[in-house]
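Take a look at the structure set out below.
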Amino acid sequence: MIKVCKFGGSSLANAKQYRKIKKIVKEEEERKIIVVSACGKESRDDHKVTDLLYLCLAHKQYGMSYDDILKEIEDKHQRIIKELKLDYDIKKDIVRIRQLLDKKANSDEIIAYGEYLSARLMALYLKADFVDARDVICFNYDGSLNIEKTREKFLPYLKSRNKIVVPGFYGSLPNGVIKTMSRGGSDITGSVLANVVEADVYENWTDVSGIYVCDPRIIRDPKQIETITYAELREMSYMGASVLHDESIYPVKEKGIPINIRNTNKPEDRGTMIVAACEDKKNIGPITGITGKKDFVVISIAKINSSSEVGFLKKILEVFENYDVSVVLVTTGIDSFSIIVDKEDVRNNMYEIANEIKVSLKCEDVSLYDNLSLVCVVGRGMRAKKGISGRIFSLLGENGINIRTISQGADEISIIVGVDDENYAKTISCIYERFVK
Ligand code: ADP
Ligand code: ASP
Ligand code: MG
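Position 204 (the sequence shown) corresponds to 840 in our numbering; numbering is contiguous.
Shown next, in the form of structure tokens:
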């Protein structure tokens, strides 16, 4: 039996958190592979080391001094080193980060230092083997993960009788150059390692006792989900439930390895299990989770008879492809199409894109709306119950919330409604109150 345990930033914020991790890891022999994030926030107004490293890069770019930021990074780690009496010279790393910044080196290598330092300190503290992610987590040149090569590189380390600590969030390209993942990527490292060692469980330790039905920042004390399927969680995390990186699901799903979300601060809680399929012996409710995101833009295109114009939608999508903008959702009417994209992705060229659609599709009626939130209602139980979508729509109507777009996947496990940004939290709380509570 082997377990891969990933600890998020808040679990490594100070010496007290390190002690909690040690207790958790020592409790079970099976907790053999430990993946760590960079040192996170100790309190609300503290800073994550990864954010500080990004800030150094920004200061460098604008010719501003980053001495104070590097000092903050050094002090944070120095406090942990002192309190835990570790024999580690952090100054050497700070010198190295400064050299990399000064010579404008690969910025990923600088950003990866957060995870690297956490893993070095944690390995010392646990008396475990440190295995650098640059030697084992392998990317292809196109940025995708090479799981086969990762397996080949990592499996020899498993022979060690010690526990193994690996930094999350980065790996290397075939030429050895360090590459980081997208934010929150340590979840992916844990998942990939669980895949390659065929772990029995992938434990993801964080600061909440599992996945809540809704974001706890919107609903106070929401109910907690006991069991959820990969498919449901994929919908939830793609649409905003930030508890787990959405790309971390595929590697474990491929091997049918369950994910167990656990709380480092309350290890006695059982957390949430994420599995391939649930037996649902209990009569489950229609809704497993409600999630969403703000700040989308809708580009609506209407043209008479466009539905019978072969290739019309393809031509619209090509415009987005030309601008390298990924499309989040497409909803269609008879002679109209709405393309929904992330506001951030079209910040600089929203009007250019709309104009190009007008010209290349010979269509006058192109409008923009940049105040959209998407709320996603997820539940394997919806398939079996008729009329859930109708009930949601009338509930929102009763509460004066105007629905701008509607979309339901063919597998009927999610319904997405688009509402104005100012109605985002209200939409989630109405659905929660009626269907979950
Ligand atoms: P870590 O640093 O451990 O990776 P994250 O901050 O990435 O932790 O994820 C945990 C956070 O996700 C929680 O503190 C919580 O605020 C947030 N969160 C958002 N939606 C949910 C949800 N549906 N269930 C639980 N937590 C959620
Ligand atoms: N440290 C990285 C971040 O802040 C990766 C992670 O924590 O998973 O995004
Ligand atoms: Mg995270």
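Beta carbons: idealized from backbone N, C-alpha and C, even for Gly.
CA nearest to the CA of residue i, picked from the options
| i | options | result |
| --- | --- | --- |
| aspartate 765 | Asp1057, Asn899 and Val801 | Val801 |
| leucine 689 | Arg819, Arg756 and Leu1004 | Arg819 |
| threonine 900 | Asn650, Ile638, Ile660 and Asp778 | Ile660 |
| cysteine 774 | Phe805, Lys763, Leu794 and Leu760 | Phe805 |
| valine 888 | Glu904, Pro903 and Arg870 | Arg870 |
| glutamate 1069 | Leu1032, Tyr752, Arg1040 and Ile1039 | Leu1032 |
| valine 772 | Asn782, Asp778, Thr786 and Gly779 | Thr786 |
| glycine 797 | Ser996, Met872 and Lys668 | The displayed chain sequence assigns arginine, not glycine, to residue 797. The shortest C-alpha separation from arginine 797 is found at Lys668. |
Spatial distance of residue i from residue j (CA atoms)
| i | j | result |
| --- | --- | --- |
| lysine 658 | isoleucine 893 | 24 Å |
| tyrosine 959 | glycine 876 | 24 Å |
| lysine 728 | methionine 700 | 23 Å |
| arginine 1016 | glutamate 1048 | 8 Å |
| glutamate 839 | arginine 898 | 7 Å |
| isoleucine 926 | lysine 950 | 31 Å |
| tyrosine 749 | isoleucine 733 | 8 Å |
| glutamate 665 | serine 845 | 22 Å |
| glutamate 784 | leucine 791 | 11 Å |
| lysine 656 | lysine 642 | 13 Å |
| isoleucine 975 | glycine 1023 | 26 Å |
| threonine 1063 | aspartate 978 | 20 Å |
| leucine 706 | cysteine 692 | 8 Å |
| threonine 924 | valine 1013 | 8 Å |
| glutamate 834 | valine 828 | 10 Å |
| isoleucine 1042 | asparagine 941 | 22 Å |
| valine 966 | isoleucine 1052 | 11 Å |
| glutamine 697 | aspartate 738 | 10 Å |
| leucine 1045 | alanine 867 | Rather than leucine, the amino acid found at residue 1045 in this sequence is glycine. Each residue's Cα considered, the two are about 12 Å apart. |
| alanine 651 | threonine 686 | 18 Å |
| serine 1065 | proline 852 | 11 Å |
| lysine 740 | glutamate 980 | 26 Å |
Extent of the continuous alpha helix (DSSP H) to which residue i belongs
| i | result |
| --- | --- |
| lysine 785 | 783 to 790 |
| valine 672 | Run containing valine 672: none in the alpha helix (DSSP H); it sits in the beta strand (DSSP E), 667 to 672. |
| glutamate 992 | 986 to 996 |
| threonine 1063 | 1060 to 1067 |
| valine 982 | That residue, valine 982, is in no alpha helix (DSSP H); it is neither H nor E in DSSP. |
Per-residue DSSP class, three states only, for residue i
| i | result |
| --- | --- |
| aspartate 729 | helix |
| phenylalanine 973 | strand |
| phenylalanine 805 | coil |
| threonine 865 | strand |
| glycine 1045 | coil |
| aspartate 931 | strand |
| alanine 649 | coil |
| threonine 686 | helix |
| valine 963 | strand |
| serine 1050 | strand |
| glutamate 710 | helix |
| glutamate 663 | helix |
| serine 943 | helix |
| asparagine 831 | helix |
| valine 1072 | helix |
| asparagine 958 | helix |
Residue i beta carbon near the ligand MG (any heavy atom closer than 7 Å)
| i | result |
| --- | --- |
| glycine 820 | yes |
| aspartate 1001 | no |
| asparagine 851 | A small fix is needed here, since residue 851 is aspartate in this sequence, not asparagine. Checking every heavy atom of the ligand MG against the Cβ of aspartate 851, none is found closer than 7 Å. |
| aspartate 823 | yes |
Any non-hydrogen atom of the ligand ADP within 7 Å of residue i CB
| i | result |
| --- | --- |
| cysteine 641 | no |
| tyrosine 761 | no |
| glycine 699 | no |
| serine 878 | yes |
beta-carbon residue i near the ligand ASP non-hydrogen atom, thresh 7 Å
| i | result |
| --- | --- |
| glycine 645 | yes |
| glycine 804 | yes |
| glutamate 751 | yes |
| lysine 795 | no |
| alanine 674 | yes |
Endpoints, the beta strand (DSSP E) within which residue i is located
| i | result |
| --- | --- |
| glycine 820 | Here glycine 820 belongs to no beta strand (DSSP E), and DSSP marks it neither H nor E. |
| alanine 769 | Looking at the DSSP string, alanine 769 is not in any beta strand (DSSP E); the run it does join, the alpha helix (DSSP H), is 769 to 772. |
| lysine 639 | 639 to 643 |
| glycine 750 | Element bounds for glycine 750: not the beta strand (DSSP E) but the alpha helix (DSSP H), 749 to 762. |
| tyrosine 886 | Note, tyrosine 886: premise wrong, no beta strand (DSSP E); alpha helix (DSSP H) at 885 to 891. |
| serine 1009 | 1001 to 1014 |
| asparagine 742 | Looking at the DSSP string, asparagine 742 is not in any beta strand (DSSP E), and its letter there is neither H nor E. |
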